[in-house]
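Presented below is the structure to which this report refers.
Number of protein chains: 2
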Amino acid sequence: MGLEHVLNATSVAVVGASKKETKRGYQSIKTLLDQGFEGRIYPVNPKEKIILGLPCYKQVSEIEGPVEMVLITTPAKTIPGILEDCGKKGVAGAVIIAGGFGELGKAGKDLEKEIVAIAKGHGIRLIGPNTSGIMNLESHMNLVGLKDVPKGHIALISQSGNMALTLITEAAIKSRQGFSYYVGIGNEADIKFHEYLAFFQEDPNTRAILMYVEGMRDGRRFLQQAYQTTRKKPIVMLKSGRSAAGKLSAGSHTGALAGMSEVARSAFQRAGIIVIEDSDELFPAVETLASLPHIKNQSVAILTDGGGHATIAADKLTDLGVNIPLMGEKTQKKLKALLPVGASTRNPIDIAGGADENPAVFADCIEVLLHDPQVGGVLAVGLFGGYNIRFSESLEFVEEDAAHRMGKLVKDVGKPIVVHSLYNYARPHSLDLLRYYNIPVYDSLEVACKSISVLSEYGDYLCGYNANQKFVFSAGQKANLRGREIFKRAHAEHRSALFEYEAKELIGLHGGPHFENRLVHSADEAFAAASSMEGPVVMKIVSQDILHKTDVGGVQLNLTTKAEIIAAYDAIMKGAVGYNATADIHGVLVEPMMKQGLELIVGTKMDDQFGPIIMFGIGGTLVEILKDVVFRVLPISERTARRMIDKIRSVELLNGFRGHPPVDRKALKKLLLTLSEIVGSYKIIQEIDLNPVIAYEKGLAVADARILLKKGEDFTDW
Amino acid sequence: MGLEHVLNATSVAVVGASKKETKRGYQSIKTLLDQGFEGRIYPVNPKEKIILGLPCYKQVSEIEGPVEMVLITTPAKTIPGILEDCGKKGVAGAVIIAGGFGELGKAGKDLEKEIVAIAKGHGIRLIGPNTSGIMNLESHMNLVGLKDVPKGHIALISQSGNMALTLITEAAIKSRQGFSYYVGIGNEADIKFHEYLAFFQEDPNTRAILMYVEGMRDGRRFLQQAYQTTRKKPIVMLKSGRSAAGKLSAGSHTGALAGMSEVARSAFQRAGIIVIEDSDELFPAVETLASLPHIKNQSVAILTDGGGHATIAADKLTDLGVNIPLMGEKTQKKLKALLPVGASTRNPIDIAGGADENPAVFADCIEVLLHDPQVGGVLAVGLFGGYNIRFSESLEFVEEDAAHRMGKLVKDVGKPIVVHSLYNYARPHSLDLLRYYNIPVYDSLEVACKSISVLSEYGDYLCGYNANQKFVFSAGQKANLRGREIFKRAHAEHRSALFEYEAKELIGLHGGPHFENRLVHSADEAFAAASSMEGPVVMKIVSQDILHKTDVGGVQLNLTTKAEIIAAYDAIMKGAVGYNATADIHGVLVEPMMKQGLELIVGTKMDDQFGPIIMFGIGGTLVEILKDVVFRVLPISERTARRMIDKIRSVELLNGFRGHPPVDRKALKKLLLTLSEIVGSYKIIQEIDLNPVIAYEKGLAVADARILLKKGEDFTDW
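Chains S and R supply the protein sequences, listed in that same order.
Count along the first sequence from 1, then add 22; that gives the number in this note's numbering.
Count along the second sequence from 1, then add 22; that gives the number in this note's numbering.
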């Protein structure tokens, strides 16, 4: 069921309603009344008759009219009974304020499971427990108790009441933008992050979504939804709990698994989410995205009056991946006509004192800049808004007029302006006018830079969006009968992994390279197999009881003559028996010796938060040293596979280096897509490890392939 | 001459004094009068009699009393004449406001040279040109014209007037700390950054030095001075102009060479400077360092009320290299006695609502924490200061009392507290009280974290400081007669580089490894040389006319038999003549073939800003791919050499990897120190390139050694 009747409820019952002013059960009713909630309000308390002038009910099920939402302010142990009663009434949703659930050990976790089960049984959707509540700013359904929350177009989802308070306070004192909804997600016991996203995506009052996250219960579903949502509305997220101490802090108060690995970061960004690391930048980023058109060409002009600020801004924007293109001749000529001699018109554009007597020159320059197709947006830094303070009061009107013109330019040209002003603290009217026109103004240079950079980042994402990319597995559809047989046999034999030759067969089945090899059971068979192959061969023991083959002499390299092959076969068998006399030996694998090439690593793993992920990087003996590996959440599209290959630090190694030819990127891409399909086709796979993959100018070889199976996986649902 | 009479001048003449209110020549006299400058003020203008009640002089030389400082507000072209006149009077210093010098092309640069020469001739020290001026807040010598600059203990040196204005404004509205001096460094034509450092180091009113830098004219002298200064007082620096667009911006208004390479960053940090990258953190960092004791054990306790803030702070502090140790049992027990059930006492310490009715619990907890030897300082985050706003007005006094106690604790225990408060914007009195006790309060979490982290960074630097490290070369002292001969010959032969065998001899002379090799001039001599060596040999052409030896067959590897050696000699000669029939062939070098080992690179270069620097990293074919190289400014101490080796990303390669033995770090360290000494001993060296250096379990080999000479260097001053 959708969240329409929960977040847009037209009637609210407050369980635990109270006459005591210090109680949440009093404050929440008072807030609903004071703020003019548009629906019905029902206090519920068996001991009271009337609260704040409203008739009081003994229990929710006694209320005669329809009840969509219930706010429960009573302690944890009372919740199961109250929910059962709500079930009788058929309520749509309940906010559970109380803590003492999943965040507090085993007993709490059990109680949480119990209330989720009860709610499910009655079709009630739960917010919390352990939440500060929710707010719908449009209908004035304020179930949090915070006053003076500014109304606007940002939907806020927070996993910390303090951070919500911080963000709301910041909006109130620094911005003209505000909120459409606030959701304290609490323990995320029932309604998950992704369900809120789906709701806000369709909500007409919401233009951007702001999230503070410490841990997430279903990262994969969230990514799938975010991927849809960011096509329509920007999502800005700060995910904390990266460090050990941060995890400790998060775990002790949300009960969720925290952690912000590189995997998570790249997964969020791939889903189009703007990931923020500095909490000072969080509200400004979403404010800007909710207020201004995004930048389509990643290019910004910096306008300044004097140095310093522009130098810092240029450095910061460069760090943030924004281009600061040199202005063309035409534009420079127009700017020169406006500015004093000595002004710099290249970019950053330095007014060089030209605004001291006429700050309107800011608007003049911005007009020229925004009309240059090379310029995606303008960042104005320095003193604008304060010329009347610094130089002459009479400039106040000039600055206000310039602000009007800048506001209209944004509308007319459809490109953004962001302003940094040293005088923001003094709250001059001209800067407030800019805000009225949706132009954000910051007193921090770095925040102003970040703010315009997210317009570029989001614009870049939307431009590169490819509708054919999907985060949903085509599980089973392409699964091959033969593939299932391989896994079934391994499963029946209680193996924890496929044999190498089985893994290689599977890769071939799913469109990867075909590998030449033969399983043999005697030295003669080995020689026969080797004779059918070109060049020297390698022989490897095949046994589930021998994990580290090389340690027991189980791998013999570079064999050519019959004598070598027989000796190798004997050595392998002796080594195996010597290591484990009862080892179940499945045979010996004969393969052509692989030529030298660039050693890479390709594999898949299961991530705690996001499920299957794929890795690609430099392999062989260098893998541990270089740690040059890229991860992505599976499945991947062709484009993502290509980007993974380009993303490793040592990408030059792939391009042909010091006389070596470039490697076959097409074959590598194919191999990544093959693994993506294999993992999507067989739920039993825990991990795939191809190391090294040897890449050549044409094609590639896989020297060793391991596919591990999940433990205790049930195969009946295949 | 020192800067005493410049920065602490007791008399000031203003050249270009004016009666017009909009003129700088009026404003500066007005400011000096209004702010109560303690010395004499002399207006200078041939056309006026009296300005602002003061008698006006035709020229500086006419003034009867002593004149220490002159503020010159007239245009660039008037400066030479004015300085000549000042010279007659014997003034100590002059501030030149006018632009139009080094920042404006060739003519400007020439004019700048001219005025510097005039000043030098008369013993006048120049500030600027192209500066906003200077201020001495103690004597009220305000030659900038800015009003309301808060007085305090920070000396500010800025290369941008806007940034100075930003920092001064920030101090005025957000802090109780202020400035002892302000210096607008301008074009740094005469007085250099390092001279100001030396002055502020001894100034009793200055506790910390704050620098905004875009470019620097003598980086090496600056480092040498900073190295001395940071032992006594912290230096905080933001150096912008890293990016291409940032350099463009900086170059267009300071005329100095900008650039913030990794070399610069590591050089500044090695000299004990706190390098800041985010301008929002600049003032807070210096404010904190000027106000609080530093942290000796890099460990901080985070105190919070509720999650979110603490999680973010824990992440950020971890990123900043600060430890957040788990509290010991004893401390946890004491904290538990103060806090409600469910509070977390590990670290971060979460009050968990325990302050809602009694915010004094903050002081209680901090008292416990600061007395724990494991805790170097406390970062309190969240709502402190706002409990009276959020919960009950009556808590105002409780918070104020807690603030008093926290202030006294800092004094008594000698450990710092830094506070983040969401309610800082409301300016509650309790937070102002904290500032009174030198406890800084920030509304940005990230800024609060950075602020306490610099106390840890500076404390760590002071603890690790080693008085034996010197930045001064012992040039010439150790220079060996034989070494000079080598260079002299190369110089006499107009060579741009030493021959490989000369370079290797030089390394041996200065304490590095001795290399076995022989220069031969016939195949027979080659065989004789090879016979005296163990194992196969390598032969290389020695000719200054052949740069890329391998390209012309000039390097022959792995030679054992007489036939091989003769054939190799012939091949080398044929290749050389084929390439360049007139090539001056100096001979053929015979060396033992080097065993395989780990390939490293060691070398030195000349940096534009800092002079000679040394590099160390992974070498051979991997060098370009891995870009895993560390740089340091020369000379280096033993400790720095050791740290460089530990600092490369792939340091595990050195530790013995996959069965390879660890390499001989002692020999590597020795080699780095040898290069440091060589570069210090011969000014003629432009660059040294040892690549690859092959490191073994015991000892190392240098496969190729190149020492390039400076062009046009004069050798007479040897």
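Just so it is clear, CB atoms sit at the ideal spot from N, CA and C, and this is done for glycine as well.
These numbers come from a predicted model, not from an experiment.
Sequence-distant residues of the same chain with beta carbon closer than 6 Å to residue 309 of chain S, five excluded per side: 197, 199, 462
Starting from residue 711 of chain R, follow its DSSP beta bridges and name the residues at the other end. R:625, R:728
Residue 269 of chain S vs residue 240 of chain S beta-carbon contact at 8 Å: no
Could you check the C-alpha separation between residue 275 of chain S and residue 359 of chain R for me, to the nearest Å? Confidence in residue 275 of chain S is poor, its pLDDT being 49 and thus under 50, which makes the residue's placement too unreliable to answer from.
Anything in chain S within Cβ reach of residue 95 of chain R, meaning under 7 Å, just list it in chain order. Correct list: empty, because the minimum Cβ distance to chain S is about 15 Å.
Closer than 6 Å by C-beta to residue 121 of chain S: which residues in its own chain qualify, once you throw out the five before and the five after it? Chain order, please. 152
Against chain R: residues of the stretch 187-199 of chain S by CB proximity under 8 Å: 187, 188, 191, 195
Residues that residue 404 of chain R contacts on chain S, provided the C-beta gap is smaller than 8 Å: 184
Can you tell me where the alpha helix (DSSP H) holding residue 185 of chain S begins and where it ends? 183-196
Is residue 322 of chain S helix, strand or coil by DSSP? strand
Bridge partners - residue 638 of chain R, DSSP secondary structure assignment: R:624, R:652
Check whether chain R comes within 8 Å of residue 301 of chain S, counting only Cβ atoms and requiring the distance to be less than that. yes
Looking at the structure shown, is residue 370 of chain S part of a helix, part of a strand, or coil, going by DSSP? coil
Quick check on the DSSP output: the beta strand (DSSP E) that includes residue 578 of chain S runs from which residue to which? 577-581
Report the three-state DSSP secondary structure of residue 691 of chain R (helix, strand or coil). helix
Have a look at S:424, S:518, S:323, S:336 and flag the residue whose alpha-carbon is nearest the alpha-carbon of residue 396 of chain S. S:323
Using a threshold of 8 Å, state whether the C-beta atoms of residue 4 of chain S and residue 36 of chain S are closer than that. Only positions 23 to 740 of chain S appear in the structure, and residue 4 of chain S is not among them; the question remains open.
Sequence ranges, beta strand (DSSP E) only - wholly within the stretch 78-140 of chain R, length at least 3: 91-94, 115-118
C-alpha gap between residue 65 of chain S and residue 305 of chain S, whole angstroms: 35 Å
Name, going along the chain, the residues of the stretch 327-342 of chain S whose beta-carbon falls closer than 7 Å to a beta-carbon of chain R. 328, 329, 330, 331, 332, 333, 334, 336, 337, 340
Environment of residue 450 of chain S [buried if 16+ CB atoms lie within 10 Å]: buried
So what does DSSP say about residue 289 of chain R, is it helix, strand or coil? helix
Hey, how far is the Cα of residue 104 of chain R from the Cα of residue 504 of chain R? 54 Å
Considering only residues of the stretch 431-463 of chain S, which uninterrupted alpha helix (DSSP H) runs meet the minimum length of 4 residues and lie entirely inside it, listed in chain order? 451-458
Taking only runs that begin and end inside the stretch 187-259 of chain R, name each unbroken beta strand (DSSP E) of 3 or more residues, in chain order. 201-206, 230-235
Given that a residue counts as buried once 16 or more other Cβ atoms are within 10 Å of its Cβ, and exposed if not, what is residue 29 of chain R? buried
What is the residue span of the beta strand (DSSP E) that residue 352 of chain R lies within? Per DSSP, residue 352 of chain R belongs to no beta strand (DSSP E); it is in the alpha helix (DSSP H), 351-360.
Going by beta carbon distance, what residues of the same chain come within less than 8 Å of residue 162 of chain R, once the five residues before and after it are set aside? 54, 57, 58, 59, 60
Once DSSP output is grouped into helix, strand and coil, what is the label at residue 265 of chain S? coil
Please decide whether residue 369 of chain S counts as near chain R, where near means a Cβ-Cβ distance under 8 Å. yes
According to the neighbour-count rule (16 or more other Cβ atoms, all chains shown, within 10 Å of its Cβ), is residue 544 of chain S buried or exposed? exposed
Using the three-state DSSP reduction, which class does residue 316 of chain R fall into: helix, strand or coil? coil
Hey, is residue 361 of chain R's beta-carbon within less than 8 Å of any beta-carbon in chain S? no
Which residues, in order along the stretch 439-469 of chain S, keep a beta-carbon less than 7 Å from a beta-carbon of chain R? 444, 447, 466, 467, 468
Can you confirm whether residue 50 of chain R, when its beta carbon is compared against all beta carbons of chain S, has any partner nearer than 8 Å? no
Along chain R, in chain order, which residues have C-beta atoms closer than 9 Å to that of residue 236 of chain S? 329, 330, 333
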